[in-house]
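Student: Here's a structure for you.
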Amino acid sequence: MKMKNIVSILFIGLLFTGCEKTIDLDYKSNQSRIIIQGNITNGAGPYYVKITKSIPLKDTGSYPVIDDAVVTISDDAGNSEVLTAGGNGTYHTNALAGVEGRTYTLTVQAGNQTYSAQSTMPKRVPFDSIRVETHIVTGETEYSIIPVYPDPLTKGNNYRFVLWLNNKLINQHLIQNDEVRNGVANSVRLEINDDDIEFKPGDSVTLQMQCIDKNVALYYRTLALISDSGPGGGTTPNNPPNNISNGALGLFSAYTVETKSVVMP
Amino acid sequence: MYKKLIVTSLLLLLSTTLLLAQTKYTVSGTVKQKSSGETLIGVTVMVVEKPTIGVITNEYGFYSVSLPEGNYTLRFSYVGYKQELVPVKLESNVTVSISLVDESSLREVVISSKKDNDNLTKASMGTEVLNMKEAAKIPVVFGEKDLVKTIQLLPGVKSNGEGSNGFSVRGGATDQNLILLDEAPVYNASHLLGFFSSFNSDAIKDATIIKGNSPAQYGGRLSSVLDVKMKEGNNKDYQVSGGLGLISSRLTIEGPIQRDRSSFMISGRRTYADLFARLSSDMKDVKLYFYDLNAKANWAINSKNKLYFSGYFGKDVFSVSTLFGSDWGNATATLRWNSILNSKLFSNTSLIYSNYDFNVGFKTNTSAMNFNSHIRDLNLKQDFTWYANANNTVRMGFNIIHHTITPTKAEGTDIVNNKKSRKGLESAVYVSNSWKVSDVLNIDYGLRFSIYNVLGGGLYNIYKGNKLVDSIKLADGKFGKNYYNLEPRISASYRLNSSATIKVGYARNTQSLHLMSNSTGGSPTDAWIGNSYNIKPEIADQFSVGFSKSLNNNAFELNTEAYYKTMANQIDYRDGADINTVPDIESELLFGKGRAYGIEVLLRKKKGILTGWIGYTLSKTERQINGINSNQWYDAKQDRTHDLSIVGIYTLSERWTLSGTFIYNTGNAVTFPTGKYVLNDMVIYQYGTRNADRMPATHRLDISATYERPARKRWQGSWSFGLYNVYGRRNPFAITFKENKTNPQKIDAVQTSLFQWVPSVTYNFKF
């Protein structure tokens, strides 16, 4: 719920002489950390793992990659595979299958350190359609994007949505769950921060729905809360809790995936 | 064990001091304002023949002094009023009630001590009294005079941020301030997201802030008490006063119901920015306003008994067409019965109701959802003041509060999850004594015993390391977990010479209600929660030392205080907690400790055509919570190293008054990203130590000018012109990090500022 967001933005925007400017800040020096990104989906393989390192906030250069790691993925059905390095920090599977309900374990050996992570692919919930509602607010059209899907009766489902506007990936973390409404068709809009993006009639909107496990949802929800800057700022930001051991940043996620597109009315 | 020792020694101290003194007769009475019949709080009553004996009137204008038989002269003095000398022949207990004449032409201090050298003779520490009449001259944004904005200019009291009505006292959190309006707790003291306080200054008589060393009759919050008292209403004549501003207007009507015996006061206020906004077609579906209403009536049953009723109702409304709507507000009601049981014993019984609720609703074409939360109190208070003898004033009493707390609860289409209300009983008994040991030594000491009972009617979960280990279903009316705390309080002042005093103090405070907020500022969505099986009462121990000196024949007054405070059972969220949707908020909490220390300096100029003060605070406040910042100590977000306020009021002529304030403070402790990485094609920020960074410093100059028109018959009018942020400083409100539009590889830090040059004009009238 981004009530706070709506209130503050409208309030400040409408009534006051609020202004924004880019400022120069003194940043603390940063310790470069290992970043592990691993994805397994219910679609066809190969699946990829990418290993990079973080860089200082002010840098505009490229991210260092790690190409000499030993990467293994196994599942709870007894399959295990060492991934093939493909250069530029990527590693891919050859035979492993992404199956709903299975728990996958990722192990990365890099620079004398071992990192491991686990993720369970939830049962797929079908992505029925995208519903778009429009409201005229302060003379402008406000779009509500509602992903329609039948949430199953079992509790504890988590969903992540990835949004492309006119084929451009939008860097926002959109998470829904069945904590408040369980077992019904979803009718809740995605809380898209439209500060910097603007929807227009005729825009193409693509939405990827991912059924994700609890830990992956916590990671993205934390990111979403951090970027939710109400009056005086959102939650105190930090590195979101992730599912990789030994201090690596990043995320390993086994998820189901389904993508739909719509043209804005 | 040590608690027992403290109790025993305090009781011993109390009994010996009372037995030692011997008295003959008592003179007592009530002091009022001549023109309105309003009782005066804090009037100094001195015995001229015995200059070491003096008392001040209590919250209801009552005083009592016991003296051996003889002839005396009583001197009644109060800042802004003409001093009165009254001869008394003491052969039996007598009543001397008098009215003081208001010298409205007299412009003294903005925040006035009750007496020229009051800071030297009282043991109380960390206490400031605000006089609303003079606070009105301090410039504020939109020209709406504001009590809370004024106290934020005092050392040790820090605003949560520009435009915010939340404040932090001596390193404490925003929820650690007990805000009382005629004894009723106000749970959210702000309007319009904090730009205005709940207190309509026209309806306020006076306000006192006590920074941690509160007397034993106050309790329930760690950091401070802000005790606000409403006007009683003129019992001599009808009077209408009000103000017209750019943003809001006010109107107050007061007068006698029965001349000299009973009176009433009704005061209302409403903002109307939205009415203008609605004229433009774009804004016609937006509603944004607040209003509040204060009402008070009192009735003197006879010379010994008086009844008071006071009520407050305030509401904020914000909605955008049918898509989104929210409202929130406080309601309080207080019924009080004052009784002078005998010339030495004053009793006050109060029955108090207090409610805060918040609603927010979202609607789409196919679904509706509403979140709401509330806290509702029923409160009984009994307080006795016993003027035992000239050197001892004893206060004792009890307080029982029944809380009903509903956490943020979701309702609407398809909602299956629902949270239940919880109940708790918060009670306390207390006793304290103000002991004038000698001409130079004053000691205030007291003890408060506080109890919190978790009451049944809901399910309580027990967590260990955020894992559910047990659940307890408590039947309705059943007592669950009980918490007991002893809170000793002591402060002493020792007068070094006629112009200098040193003070020391210690106080323990506990807090059983906690505000759950996951935003840096305050938000109306923040919900209160009581103690439970996991949440223990917060405890603070504060040690302070102070030095006061009056300079230049009381024209200047210097107060400095240093404090060290430790806090236990502090609460924070664990990472990623979404307080609105999580089924049990308690599963998301972490507990730890805090410490705060600092030095406060306040130099006031109290006399002359230029008055005002300079307040400076050097301080530090930190937290240590397992599960946050690798279990290391970190700066609390409200930690600010330097905090400076300068207030000046210059009386140019009989008609014109100029005033200005300047503030400077170190930015809040915040966490900025230190690095970045890419995950699934999205840039993610990397963070280091919690709150290791700082917002840029805030500084600002505000000025205002007040013109008082010559009175025409009964009509008195005045114009106030203000300019907020004179030199247009862009103070940081928030800093966000964004990808640069032209070069997404580059991350920009974007600062949002609120107010640059806000002019205001207000017309105030009275007839």
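Keeping their order, the protein sequence lines are chains A and B.
One gets the working numbering by counting positions in the first sequence from 1 and adding 3 to each.
One gets the working numbering by counting positions in the second sequence from 1 and adding 510 to each.
The C-beta atom is built at its ideal place from N, Cα and C for all residues, glycine as well.
(1) May I ask you to list the residues that DSSP assigns as paired with residue 212 of chain A?
(2) Using the beta-carbon count (16 or more within 10 Å), is residue 1140 of chain B buried or exposed?
(3) Could one say the Cβ of residue 140 of chain A lies closer than 8 Å to chain B's Cβ atoms, at least one of them?
(4) When the Cα atoms are used, what is the spatial distance from residue 1226 of chain B to residue 1167 of chain B?
(5) Return the Cβ separation of residue 507 of chain B and residue 1132 of chain B in integer angstroms, given the expectation that the two are a contact with Cβ distance under 8 Å.
(6) Check each residue of the stretch 1258 to 1269 of chain B: if its Cβ is closer than 8 Å to any Cβ of chain A, include it; give the result in chain order.
(7) Tell whether a beta-carbon distance below 8 Å holds between residue 994 of chain B and residue 1039 of chain B.
(8) So, are the CB atoms of residue 50 of chain A and residue 44 of chain A less than 8 Å apart?
(9) Which one or two residues does DSSP pair with residue 808 of chain B in a beta bridge?
(10) Do residue 23 of chain A and residue 1266 of chain B have their CB atoms nearer than 8 Å?
(11) If you draw a straight line from the alpha carbon of residue 261 of chain A to that of residue 197 of chain A, how long is it in whole angstroms?
(12) Between residue 53 of chain A and residue 67 of chain A, is the Cβ-Cβ spacing less than 8 Å?
(13) Can you tell me whether residue 1176 of chain B is helix, strand or coil according to DSSP?
(14) Would DSSP call residue 684 of chain B helix, strand or coil?
(15) For a contact meaning CB atoms closer than 8 Å, what does residue 653 of chain B contact in chain A?
(16) Count Cβ pairs between the stretch 855 to 864 of chain B and the stretch 894 to 901 of chain B that sit closer than 8 Å; are there 3 or more?
(17) Measure the alpha-carbon distance for residue 263 of chain A versus residue 130 of chain A and round it to whole angstroms.
(18) Just to check my reading of the structure: residue 798 of chain B and residue 808 of chain B have Cβ atoms closer than 8 Å, yes? What is that Cβ distance to the nearest angstrom?
(19) Leaving out five residues before and five after residue 835 of chain B in sequence, what residues of the same chain have Cβ atoms less than 6 Å from its Cβ?
(20) On a CA-only basis, which of B:680, B:1220, B:597 and B:710 is nearest residue 825 of chain B? Give me that one, please.
(21) What is the residue span of the beta strand (DSSP E) that residue 74 of chain A lies within?
(22) Going along the stretch 980 to 997 of chain B in order, which residues come within less than 8 Å of chain A, judged by CB to CB distance?
(23) Check whether the stretch 1235 to 1252 of chain B and the stretch 1204 to 1213 of chain B touch, using three or more Cβ-Cβ pairs below 8 Å as the test.
(24) Taking the alpha carbon of residue 1004 of chain B as the reference point, which residue from B:950, B:908 and B:1021 has its own alpha carbon closest?
(25) Where does residue 1222 of chain B land, buried or exposed, given buried means 16+ other C-beta within 10 angstroms?
(26) Specify, as a first and last residue, the run of the beta strand (DSSP E) that residue 56 of chain A falls within.
(27) Using a Cβ-Cβ distance cut-off of 8 Å, determine whether residue 161 of chain A contacts chain B.
(28) Against chain A, does residue 920 of chain B count as a neighbour if the rule is that its beta carbon must be under 8 Å from one of theirs?
(29) Give me, in chain order, the residues of the same chain whose beta-carbon lies closer than 6 Å to that of residue 750 of chain B; leave out the 5 immediate sequence neighbours on both sides.
(30) With a threshold of 7 Å (Cβ to nearest heavy atom), would residue 29 of chain A be considered close to the ligand COA?
(31) Run down chain B in chain order and give the residues with a C-beta less than 8 Å from the C-beta of residue 242 of chain A.
(32) Measure from the alpha carbon of residue 849 of chain B to the alpha carbon of each residue in B:869, B:572 and B:1187, then state which is nearest.
(33) What separation, rounded to the nearest whole angstrom, lies between the Cα atoms of residue 979 of chain B and residue 1203 of chain B?
(34) Under the three-state reduction of DSSP, which class applies to residue 784 of chain B: helix, strand or coil?
(35) Under a Cβ-count criterion, where at least 16 other Cβ atoms within 10 Å of its own Cβ denotes burial, should residue 981 of chain B be classed as buried or exposed?
(36) Taking only three categories from DSSP, how would you classify residue 778 of chain B?
Tutor: Put simply:
(1) A:164 and A:261
(2) exposed
(3) yes
(4) 16 Å
(5) In the structure displayed, chain B extends from 511 to 1277; residue 507 of chain B sits before or after that span and is not available.
(6) 1258, 1259, 1260, 1261, 1262, 1263, 1264, 1265, 1266, 1267 and 1268
(7) no
(8) yes
(9) B:773 and B:818
(10) no
(11) 24 Å
(12) no
(13) coil
(14) helix
(15) By Cβ distance, chain A contributes nothing, its closest Cβ being about 15 Å from residue 653 of chain B, past 8 Å.
(16) yes
(17) 8 Å
(18) Actually they do not touch by this definition, with Cβ atoms about 36 Å apart.
(19) 829 and 871
(20) B:710
(21) 73 to 78
(22) none
(23) yes
(24) B:950
(25) exposed
(26) 51 to 56
(27) no
(28) yes
(29) 763 and 1277
(30) Only the bare structure without any ligand can be found here, which leaves the ligand COA out of the picture.
(31) 1196 and 1197
(32) B:572
(33) 38 Å
(34) helix
(35) exposed
(36) strand
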